[in-house]
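Quick mapping for you: the protein sequence lines, in order, are chains A and B. Everything in the first sequence is counted per UniProt numbering, starting at 1 for the first residue and increasing by one. Everything in the second sequence is counted per UniProt numbering, starting at 1 for the first residue and increasing by one. Okay, structure first, notes after.
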Amino acid sequence: MASFLLGRAATLALVLFGASVLIFLVVRALPGDPAIAMMTSNATPEEIQAMREALGLHLPLWVQYGSWVSGALVGDLGRSFTYSTGVSRMILDRFPVTLHISLAALVIAMAIAIPAGVLAAKHKGGLIDHLARVIAMIGISMPVFWQGLLSILLFAVILRWLPPGGYEPLSAGIGVSTAHILLPAVALGTAYAATITRMLRASMLDVLGREHIAVARAHGVPESTIIWTDAFRNALIPTLTAAGFSFGYLLAGAVLTEVIFNLPGMGRLLYESILARDYPLVQGLVLLNVTVFVLINFSMDALYALLDPRIRR
Amino acid sequence: MNGIIGRRGALTGLAGILAAASLPRSAGAQPRGTVTASLLGNLPNIHPWHVGNVETGAANLLAYSNLLKVGVDGTLVPDLAVALPQISDDGLSYVFELRRDVRFHNGDRLTADDVLYSYEKYLATGRRRGNLRRFISDVQKDGDYVVKVSLKDPWVGWMRLMGYEAAIVRRGTDVTNEGATGESLYRGSRAAGCGPFIPKSFRADVEAEFEAFPEYFGGAPATQTIKLVRIPDAATQLANLRAGSVDIISNCPPKDFAPVSRESGFGGAARPSAGIFYMPMNVAKAPFDNIHLRRAVSCAVDRDYICEEIYSGLVTASALPASPNEFWYEEDLAKQLAYDPDRAKFHLRAAGMPRGFAFEAIVPVPSAYVEAREAAVVMQANLAEVGIRMNIRQTDFVSMYRSAQNGDWQAFPHPSMQSSVEDYLVWNNYHKDGNQARWMGYRNPAYDTAVMESFRYLDHARKKPALRKVTEILVDHCPALWIGRLNAYHLWRSDISGFGPRYSYFMDLTSAKKG
C-alpha cells in the first residue's frame with residue numbers, strides 16, 4: 001500500500017510540475033499586455049515599458065517561471081498586478097466564500113439527488129421516474145445564471161424573503177449567512193443535483209438488476225432493506241465519485257453564479273484577473289484549481305486501493 | 001410633592017435648554033445615516049493618483065480634493081483653490097491661491113508645500129502622469145498659500161485632467177510606494193487626503209466604506225457613512241436597487257433606465273458626459289488610408305437608430321466629436337458626415353470601389369456599455385446596404401489596445417470615457433504628441449497647430465473659433481466615425497437626495513443623503 005501511494009504521489013508531483021509549466025506559458029500566451037491593462041490606453045509607451053519593468057515582465061521567461069515556482073513551493077504565489085496584494089492572501093480571503101457556497105450547494109444537490117435517484121430507480125418507468133427525469137433534464141438544461149436571475153426576481157424583489165446577493169460569513173450569524181447563500185446555493189445545487197440524480201438512478205438500476213438482489217427478494221428480504229442497504233450502498237460509490245468531481249468543479253468557482261449573486265469568490269476573482277491580465281493571480285488561482293483536482297483524484301485512488309486490494313497490484 | 005417635581009422639572013427643562021444652546025451650530029446638521037451605492041467596475045484601490053476607471057474616480061471624489069474640480073456640468077470650479085487661477089497672457093503660467101481653512105484627515109492644515117509635494121510625487125509616480133508631464137514644466141510656491149504652475153506649451157485642459165487624477169495629499173504621506181496599490185496602499189492613504197470622507201475600510205473588488213470628515217472645509221457631509229459595493233452585473237444592480245439593498249446604482253441596462261426612473265419609489269437622471277462612442281479608423285493602412293472610404297463609412301451609419309433603439313436615447317447621436325448640446329458643435333459641418341446612403345455610395349465611387357469593400361472591426365466586450373456589440377451589428381447592417389462588409393471580431397479592451405499598438409487593426413467601434421473631448425481627446429488621438437496618435441496613424445501639421453491654438457483658451461467665445469478649425473479638419477479627413485456622446489445616468493431610490501449624474505461620469509456621492 002505504501003509503495004502504491006508513493007508511486008501515486010510521485011505521479012502527482014509530476015502532474016503538478018507539468019501543470020505549472022503549462023499554466024505559466026498559457027497565461028503568457030494570452031493576447032494583451034498587463035501593463036496596458038493597468039495603465040490604460042492613454043499611457044505613453046515609456047510609461048508602459050516602465051510598468052512592465054516594475055512588474056518584472058522584462059525578465060526572461062525562465063527567470064520569471066523560476067521565481068514563481070520557487071515562491072509557490074513555500075506558499076508564496078507572488079503579488080497581484082492589479083491589487084498589489086499577495087496572491088496567497090487574496091486566495092485565502094476568497095476561498096472561504098467559495099468553500100461555503102460549494103458545501104451548501106453540494107448538500108442541496110445530494111439532498112435532492114439521493115431521494116430522487118433512488119425513487120426514480122425504484123419506480124422505473126412510472127410517474128415518479130418520468131417526473132424525476134424531466135426535472136433533472138430541466139435542471140441540466142436551464143443555465144445557472146438564468147435560474148439565478150429568476151430566483152432573485154422572485155425571492156428578493158417580489159417576495160422580499162431573501163437578499164438579492166452579497167456574502168455574509170458564518171461569523172455574522174448563521175441566519176444572516178444562510179439567507180445570503182441560499183439562492184446561489186440552490187441555483188448551483190439544483191444544477192449538480194440533476195447530474196447526480198441521473199447517475200444515481202443509473203447505478204441503482206444496474207445494482208437492482210444483479211443476481212444477489214434477486215436472491216434477496218426470493219428470500220423475502222423487505223424491499224426497503226433491499227433498496228437502501230443492498231442497492232443504494234453499492235450504487236453510492238460511482239455516485240460519490242461524481243459528487244466528488246462536482247465538488248471539485250464547485251471549488252474552482254462558479255463565475256456566473258458569483259457574478260449574478262455578487263459573491264466575492266474564486267470564480268469572479270479568476271474572471272477579473274484574466275480580463276486584467278493579472279498573471280500572478282491567474283497562475284495562482286489556476287494552480288490551486290489543478291491542485292484541488294489532483295488531490296481529489298489522489299484521494300480517490302487511495303480510497304479505492306484501500307477498498308479494493310486488486311487495484312494495488 | 002407636585003411642587004418639588006415641578007421645580008425639578010423646570011430646572012431639568014432649563015438645563016436642557018441651556019445645554020441645547022451651548023451645542024455647536026452645526027449640531028443640528030450632524031452627519032447621519034448610510035448611503036450605499038453600487039459600482040459595476042472594479043475598485044482595486046483607493047489612491048490619489050491611480051484613477052484608472054470611473055469606480056476609482058468615485059472613491060477619489062470622496063477621499064481627496066484637488067486645486068480645482070470638474071463640476072457637475074463639466075465646468076471647472078475651485079476646490080482647494082479660492083478661485084480659478086490667474087492665467088498669464090501667453091497661457092503658460094497659472095497662479096492658484098489656496099484656501100486657508102483646509103485640514104487633512106489627520107488634522108494638519110493644508111499649505112503650498114503639500115501641493116508641491118503632491119505634484120512632485122504625482123509627476124514621478126502617478127499611473128497616468130505622462131499627459132501632465134508632457135505639459136507641466138515647473139510647480140513653485142509663493143508663500144504658504146500661493147502655487148504657480150508653469151507649462152511648456154499652452155494647455156488649459158491640464159486643469160481638468162488635474163481635477164480628476166492629481167489629488168493633493170499631506171506632505172510626507174507614504175502613498176508613493178510603487179509596489180503598493182491594494183490593502184497596504186489603502187492604509188497609507190487613510191490620513192492622506194482632505195476630502196469630505198475618510199476611508200474607513202476597504203476590500204479590493206468587494207466594497208469600501210467611508211466615514212464623514214466633520215472638519216471638511218466645505219462643511220460636514222450630510223451622511224455619516226458612504227458604502228461602495230461592487231456588483232459586477234448591470235441587471236443584478238437593478239435587482240439590488242429594487243430590493244432596497246443599495247440606494248444608488250451606477251449602471252443599468254439602457255432599456256430599463258427610463259421605465260424604472262418613472263416608477264414611484266425610484267429616481268433617475270441622465271446628463272451629457274465627456275464619454276464618446278466612436279469608431280477610429282486606421283488611416284495608416286488599407287482600406288482606410290483612402291479618405292473616401294472613411295467618408296463612405298461615416299455616411300452609411302444611421303446614428304439616430306443606434307442611439308435611440310440600442311441605447312434608448314442614453315447616447316446622443318452626433319456626426320462630430322462635439323455633442324449637439326455643446327458650445328463647439330457645428331451643424332453645418334455635421335451635415336457633411338450625417339447618415340446619407342446615397343452620399344456613401346458617391347464616396348465609394350470616388351474611391352474607385354463602387355461595389356464596396358470589406359474591413360474588420362474589433363469590438364471590445366465586455367464593456368460598461370454592453371450594447372456596443374448590438375450597436376456594431378446595426379452598423380454592420382447599415383454598411384451592408386451600401387456594399388461595405390464589416391467583419392466583427394470580438395475581444396476585450398486589453399487585447400484591442402494591444403492590437404492597436406501593434407498596428408494590427410482597421411477599425412474599432414467602442415465607447416470611451418474621456419476627461420474631456422475638446423481639451424483632451426482631440427489632442428490625444430490625432431495630435432502628433434498624443435499618446436493614442438502613435439497608433440491612430442493620423443499626421444497633419446495643420447491639425448496640430450489648430451489643436452494647440454484651441455488649447456490656449458478657457459472661455460468659450462475665444463475657444464469656439466479655434467475648435468471650429470479643429471472640427472473642420474476632422475470632418476475633412478474623417479479619421480473616425482463619430483457615433484455619439486455618452487450620457488452619464490444613474491438610478492436611485494426616491495429617498496435619496498443631493499445626488500445626480502456628472503459630466504465626468506464618476507459618481508459624486510459627496511452630498512448624497514438619505515431621507
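The beta carbon of each residue, even a glycine, is placed where N, CA and C say it ideally should be. These figures come from a predicted structure and were not determined experimentally.
{"Query": "Would you grab the beta carbon distance between F277 (chain B) and L474 (chain B) for me? Rounded to a whole angstrom, and I think it's under 8 Å.", "Result": "The Cβ separation is near 16 Å, so there is no contact."}
{"Query": "Mind pulling the chain B residues with CB within less than 7 Å of L150 (chain A)?", "Result": "Per Cβ cutoff of 7 Å: no residues; L150 (chain A) is ~11 Å from chain B at best."}
{"Query": "With 16 other CB atoms within 10 Å as the buried threshold, where does P31 (chain A) fall?", "Result": "exposed"}
{"Query": "Are the Cβ atoms of L16 (chain A) and T291 (chain A) separated by less than 8 Å?", "Result": "yes"}
{"Query": "For L285 (chain A), which residues in chain B fall below 7 Å Cβ to Cβ?", "Result": "Neighbours of L285 (chain A) on chain B: none; closest Cβ ~13 Å, over 7 Å."}
{"Query": "For a contact meaning CB atoms closer than 8 Å, what does L170 (chain A) contact in chain B?", "Result": "Here the premise fails: no neighbours, minimum Cβ distance about 17 Å."}
{"Query": "So the candidates are B:A243, B:T34, B:V301 and B:R230; which of them puts its Cα closest to the Cα of L154 (chain A)?", "Result": "B:A243"}
{"Query": "I'd like to know whether the C-beta of D495 (chain B) is nearer than 8 Å to at least one C-beta of chain A.", "Result": "no"}
{"Query": "Would you say the stretch 267–286 of chain B touches the stretch 402–412 of chain B, given that touching needs at least three Cβ pairs under 8 Å?", "Result": "yes"}
{"Query": "Go through its chain and collect everything with a Cβ distance to R69 (chain A)'s Cβ below 7 Å, but skip five positions before and after it.", "Result": "The sequence shown places Val at residue 69 (chain A), rather than the Arg named in the question. Closer than 7 Å at Cβ, skipping near neighbours: S20."}
{"Query": "Below 8 Å on the Cβ atoms is my contact criterion, and I expect L238 (chain B) with V260 (chain B) to pass it. Report the Cβ-Cβ distance as a whole number of Å.", "Result": "7 Å"}
{"Query": "Whose C-beta lies closer than 7 Å to the C-beta of E47 (chain A) among residues of the same chain, with five residues either side of it excluded?", "Result": "M39"}
{"Query": "Three-state secondary structure (DSSP) at N53 (chain B)?", "Result": "coil"}
{"Query": "Excluding the 5 residues flanking G267 (chain A) on each side, which residues of the same chain have their C-beta closer than 6 Å to its C-beta?", "Result": "G253, A254, V255 and E258"}
{"Query": "By how many angstroms is the C-alpha of P501 (chain B) removed from the C-alpha of L337 (chain B)?", "Result": "30 Å"}
{"Query": "Between L491 (chain B) and G268 (chain B), how many whole angstroms is the CB-CB distance? I'm expecting something under 8 Å.", "Result": "4 Å"}
{"Query": "The alpha helix (DSSP H) with E472 (chain B) in it runs from where to where?", "Result": "H460 to H477"}
{"Query": "Is Y164 (chain B) close to chain A? Criterion is C-beta to C-beta, closer than 8 Å.", "Result": "no"}
{"Query": "Locate the alpha helix (DSSP H) running through T98 (chain A), then write down its first and last residues.", "Result": "V87 to K122"}
{"Query": "If you follow the beta strand (DSSP E) that I274 (chain A) is in, where does it begin and where does it stop?", "Result": "Where I274 (chain A) is concerned, there is no enclosing beta strand (DSSP E), although the alpha helix (DSSP H) it sits in stretches over M266 to L275."}
{"Query": "Just list the residues that DSSP pairs V260 (chain B) with in beta bridges.", "Result": "According to DSSP, V260 (chain B) bridges with nothing at all."}
{"Query": "Starting from the beta carbon of G32 (chain A), find every residue of chain B whose beta carbon is closer than 8 Å, and list them in chain order.", "Result": "D396, V398, S399, Y401 and R402"}
{"Query": "Using a Cβ cut-off of 8 Å, pull out every chain A residue sitting near T236 (chain B), in sequence order please.", "Result": "L149, I152, P164, G165, V259, I260, F261 and N262"}
{"Query": "Take the Cβ of S203 (chain A) as the centre, count every other Cβ of all protein chains shown within 10 Å, and call the residue buried at 16 or more, exposed below.", "Result": "buried"}
{"Query": "With a threshold of 8 Å between beta-carbons, can residue 517 (chain B) be considered close to chain A, or not?", "Result": "Only positions 1 to 515 of chain B appear in the structure, and residue 517 (chain B) is not among them; the question remains open."}
{"Query": "Going by beta carbon distance, what residues of the same chain come within less than 6 Å of D233 (chain B), once the five residues before and after it are set aside?", "Result": "none"}
{"Query": "Could you check whether the Cβ of T85 (chain A) sits closer than 8 Å to any Cβ belonging to chain B?", "Result": "yes"}
{"Query": "Which of the three DSSP states, helix, strand or coil, is assigned to A270 (chain B)?", "Result": "strand"}
{"Query": "Within 10 angstroms of its Cβ, does T176 (chain B) collect 16 or more other Cβ (buried), or is it exposed?", "Result": "Note that T176 (chain B) scores a pLDDT of 49, beneath 50, so its modelled location is shaky; the value from the coordinates is reported in the next line. So T176 (chain B) counts as buried."}
{"Query": "Would a check of beta-carbon distances place G130 (chain B) closer than 8 Å to chain A?", "Result": "yes"}
{"Query": "What does S245 (chain B) reach in chain A if we use C-beta pairs closer than 9 Å?", "Result": "A156, P163, P164, G165 and G166"}
{"Query": "Checking contacts by CB at 8 Å: is S504 (chain B) closer than that to chain A?", "Result": "no"}
{"Query": "Verify the CB distance criterion: does N391 (chain B) have a CB-CB separation below 8 Å to chain A?", "Result": "no"}
{"Query": "Output the distance between the C-alpha atoms of residue 518 (chain B) and P196 (chain B), rounded to the nearest integer angstrom.", "Result": "With chain B running from 1 to 515 in the structure shown, residue 518 (chain B) is simply not present."}
{"Query": "For the 8 Å Cβ check, are there 3 or more pairs between the stretch 411–423 of chain B and the stretch 346–366 of chain B?", "Result": "yes"}
{"Query": "So, A274 (chain B) versus P341 (chain B), is the Cβ gap smaller than 8 Å?", "Result": "no"}
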